[in-house]
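Single-structure report; data block below.
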Ligand SMILES: [Zn+2]
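Numbering (the numbering used here), first residue to last: 76 to 805.
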């Protein structure tokens, strides 16, 4: 059966020969890989691999040699670039079989299998540093020029069914063979080699519990075949669609979107606290119609227990998700919390029992036993990961697993991977080695830092500073566009990550921008609700927002502006703390609050009565809040002096007024930047260190106070002023 480009219903056919014809053979492989990875029905994020065998010139001999270009370890097909592919001499790769054959004990999961992975490096073509993946032999031993190994929903649905072998025959006839589940590695490559030798007409193989591999001698033909096979399986499954009776029919009704958001905003901080007592996690909500149909179904509890199938999936989703049997229409929120607490506790015990039952003498130590996927009727799927990208990948994987189960249960009965097999992937020494090779986590990894005032000046510098330490950064400002601009800068630097799941704001990247007015409780509450939906909770809050009202020519400040000054500089930080407190208490995890005050809080000065008084009050607010929020939340103050650079408190008019006041010579034709530098230099000369203070100097201390480096300090004010003796606190 061949399908024309415009007749695919179940996958996106994207090949553009015009575009492909401009590319060299290696770039054509990259192109094909990106197209395949762009559709989650074809393969999941990070899953599957592609290869082309390409004749290249050998840099040592100048001879033409056959080189296997194959997606390397790590990375993702959708976003892969040329450097994500390993390149290996075919001749040398094939010779490795002799080494393997000489081993006294060989076969799946033997020592020699894992040892072969290190041997691939000896076959590297042209010093390409990309490490080869464990799937390399699958590509090497199939005697065709182009090979695609995908994890397509429709084919895994067949491959994870009880009668997978006969279904493969029914769907694909003699064109595609079937191999039983086997952990990927050298031996599986040889199994496939033998299958093709026996049946040279084969175009592909369904891999039991795992996915699809197929090949062709032309790259476009390989792409077309991959899509055709996936489409064929999907159409076959669609013929058995059970409609309303899918997953045994609906047991519970979903809450409507507004109700879901309301419950989730209350629930997520509590839930984050429950799963994060060992390691903090970042959450992602995925509540599409199809996910809701699953979590609300009669069969959800039974199917969740079976776990996922594709080996890629449960490295992130764990052996199984936690399903909580809660009736959103009849049962209370408090009961949901109770069920979650007992469910998570039982999940941990189960996980420990699974580890103990399946471990080998040389297994790596047990990892965090908390669930990473939680399914709640009425609400959807909540995934947890060490950062936003990981948590989005986890949500994606389980939502794909739901689609696999939907297909399997339609045509047959779904079966998960046997527990021991799942364990042998999850605790595979090779996976452990990969984890060990990862750089140590940064100081603010796994944390959500809310920076209020992030649109400019110290706040913007602070947002950048904490992002460098691995934080997820919520950029908040009265000016929402300015907040968004800072968030966009951070996203550009750190990237969106690879996961594609998440509903609404929960699909975000490492930074978000939100507008909020610190003097309005409702505005702050709405802002924090968005943060909770985006990441699951908060860890650190840093307030740099503030207002300075310059006095008029007579040195007076209108009464209204007095009130406004106190509102923004004192009442605002209190409101922020009070709203954040509800989340901190629900999480029951340590947190920090940093409030920007000013050295003016300690130094009375002519002409800034309202500002200075408000900052003195803010200093004391720091101390009061340190007492109120103890023991979990540390509260400290950051007191700058005259940071002119990047500050929106120093307009051209104010700078000129100050220069006039201090009798500093200037010319009206000078730019605002030049005038600001003049004023900053003047201020610097009044300090002990005689250097202007920059927003970065403040950002550094805001970060340090939020970090574990100051984990025993609370209720203190830190001046960053270049040394002003009159501001020394007594
Ligand atoms: Zn695979």
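Glycine included, C-beta positions come from ideal geometry on N, C-alpha and C.
The model shown is predicted, which means the values in this text are computed figures rather than measured ones.
9 Å Cβ cutoff met for residue 478 and residue 575: no
Near ligand 1: residue 159 beta-carbon under 8 Å from a heavy atom: No, the Cβ of residue 159 stays beyond 8 Å of every heavy atom of ligand 1.
Distance, residue 181 Cα to residue 485 Cα: 39 Å
Straight-line gap, residue 343 to residue 634 (C-alpha atoms, nearest Å): Those two C-alpha atoms are separated by around 43 Å.
Where residue 709 falls: helix, strand or coil (DSSP): strand
Unbroken stretches of the alpha helix (DSSP H), 4 residues or longer, contained in the segment 361 to 437: 364 to 370, 375 to 381, 386 to 392, 408 to 433
Residue 122 CB to nearest heavy atom of ligand 1 below 8 Å: yes
Distance between residue 320 and residue 229 (C-alpha atoms, nearest Å): 19 Å
Residue 612 to residue 339 span [Cα, whole Å]: 11 Å
At least three beta-carbon pairs within less than 8 Å, the segment 540 to 560 to the segment 613 to 633: Counting Cβ pairs under 8 Å, three or more are found: they touch.
Rounded C-alpha distance that separates residue 43 from residue 354: This structure leaves residue 43 out entirely; the chain is present only between 76 and 805.
Alpha-carbon to alpha-carbon, residue 110 and residue 156: In this structure, the CA atom of residue 156 is about 12 Å from the CA atom of residue 110.
Status (buried if at least 16 other CB within 10 Å, exposed otherwise) for residue 816: Because the chain spans 76 through 805 in this model, residue 816 falls outside it and cannot be assessed.
Counted within 10 angstroms of its Cβ, other Cβ atoms place residue 680 as buried (16 or more) or exposed: exposed
Nearest-angstrom Cα separation, counted from residue 646 out to residue 602: 17 Å
4-residue-minimum alpha helix (DSSP H) runs that sit fully inside the segment 469 to 526, ordered along the chain: 494 to 501, 504 to 512
Check: residue 387 C-beta below 8 Å from any heavy atom of ligand 1: yes
Beta strand (DSSP E) segment containing residue 807, residue limits: A question about residue 807 goes unanswered here, because the residues of the chain that appear run from 76 up to 805.
Residue 831 in three-state terms, based on DSSP: One cannot answer for residue 831 here, as it falls past the ends of the chain, which runs 76 to 805.
Span of the beta strand (DSSP E), counted from its first residue to its last, around residue 160: 160 to 164
Buried/exposed call for residue 735, threshold 16 Cβ in 10 Å: exposed
Distance, residue 241 Cα to residue 566 Cα: 48 Å
Enclosing alpha helix (DSSP H) for residue 214 [first to last residue]: 211 to 215
Three-state secondary structure assigned by DSSP to residue 725: coil
Nearest candidate by alpha-carbon position, reference residue 428, set 488, 599, 442: 442
Proximal residues to residue 347 (C-beta, below 7 Å), its chain only, five neighbours per side dropped: 356, 358, 611, 612, 662
Exposure of residue 547, with buried meaning 16 or more beta-carbon neighbours within 10 Å: buried
Residue 398 versus residue 415: straight-line alpha-carbon distance, rounded: 9 Å
Beta-carbon proximity of residue 673 to residue 621, cut-off 9 Å: yes
Near ligand 1: residue 282 beta-carbon under 8 Å from a heavy atom: yes
CB-CB length for residue 183 against residue 257, believed under 8 Å: 5 Å
Residue 797 beta carbon near ligand 1 (any heavy atom closer than 8 Å): Flag unset: Cβ of residue 797 not near ligand 1.
Host beta strand (DSSP E) of residue 794 (start-end): 792 to 795
Nearest-angstrom Cα separation, counted from residue 274 out to residue 132: 33 Å
Per-residue burial, residue 702 [other beta carbons within 10 Å of its own, 16 or more giving buried]: With fewer than 16 Cβ atoms within 10 Å of its Cβ, residue 702 is classed as exposed.
Beta carbon of residue 727 nearer than 9 Å to that of residue 654: Cβ atoms of residue 727 and residue 654: not closer than 9 Å.
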